[in-house]
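Working notes for the structure below.
Residue numbers (this note's numbering): 276 to 570.
Okay, structure coming up:
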């Protein structure tokens, strides 16, 4: 994982700060515009933006907390705060779907007139803001679950803004008021899909599962093929501490006699694990063996 004071981390913080400011301003504008024109889709999109502004704020706070040094009580530092923030973002998104669905059901029962031209203008401005914010977060959200959660928030709002723009055009041409709550329900589906995936990934990390695509059997096989002095691996555990930080512990049964030989093997094993499997933090206990199989 990149250092918390690295240029990449500083870039994350700077871009998240810009994204928060732009999103908050657009959210206020869309809320006022939605209430003015009578569009539930706009108000829903503003609510969606509110959750995104909150999510971005949580993401930035998590990165700042993760930059704090490790302590005797928290030997991995505060890196897990990023995963907790990602989980919180997902839960907030789920809550947003409940509210939007309720409001859409009410609008289906009681259709209300909409000023479609102002709706189109406000939605177009919101779309531009979302595109800009998604661009800000795209590069920095590729390898960090927490920043990726913020990027997915903005991507979802970009898609919903496109739908609102299209809906305003359709309402203006046909007068079909049901399009507005229907769009709101469509936004709910998008939120549900993305938030469910985000919660799944965060829970997977919190349960200390092996990273996606990593097989402990492959780790065993790779070490066995490349290091003939290794007889077997016992009690192998591989888990994700936070995005980009994978840890491993294992008891390594070896055909070696001296401590110096074990230290030399460790010096070769650790870079191998890092380059082949992305395991950056390996704790290995060496035990003397002969030819017994691994458990």
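A virtual CB, placed ideally from N, CA and C, is assigned to each residue, including glycine.
- In the three-state DSSP reduction, residue 555 falls in the strand class (E or B).
- Ranking 405, 288, 431 and 477 by CA distance to the CA of residue 342 puts 288 first.
- Secondary-structure assignment with DSSP links residue 526 through a beta bridge to 509 and 560.
- Membership of residue 413 in the alpha helix (DSSP H) is indicated by the continuous run 391-413.
- For the 7 angstroms CB-CB criterion, residue 495 and residue 510 do not form a contact.
- Classified as buried, residue 521 has 16 or more neighbouring CB atoms from the shown chains inside 10 Å of its CB.
- Here the alpha carbon of residue 427 sits roughly 11 angstroms from the alpha carbon of residue 408.
- Annotated three-state conformation of residue 489 is coil, per DSSP.
- According to the DSSP secondary-structure assignment, residue 520 is paired through a beta bridge with 517.
- In the three-state DSSP reduction, residue 423 falls in the helix class (H, G or I).
- Residues of the same chain with a CB within less than 6 angstroms of the CB of residue 485, apart from the 5 flanking positions on each side, are 513 in chain order.
- Going by beta carbons, residue 434 and residue 458 fall outside the 7 angstroms limit.
- Judged by their CB atoms, residue 309 and residue 303 are not nearer to each other than the 7 angstroms cut-off.
- Going by C-alpha positions, residue 455 is about 12 angstroms away from residue 384.
- Inter-segment contact for the segment 393-408 and the segment 345-365 is absent: fewer than three beta-carbon pairs are separated by less than 8 angstroms.
- Pairing residue 445 with residue 398 gives a Cβ-Cβ distance that is not under 7 angstroms.
- Burial is judged here by how many other beta carbons sit within 10 angstroms of a residue's own beta carbon; residue 537 has at least 16 and is buried.
- When the five nearest sequence neighbours on each side are left out, the beta carbons in the same chain lying within less than 7 angstroms of the beta carbon of residue 411 are those of 290, 293 and 294, in order along the chain.
- CA-CA distance, residue 515 to residue 483, rounds to 6 angstroms.
- From the listed residues 475, 523, 480 and 474, the smallest Cα separation to residue 491 is found for 523.
- Here the C-alpha atom of residue 392 lies approximately 17 angstroms from the C-alpha atom of residue 453.
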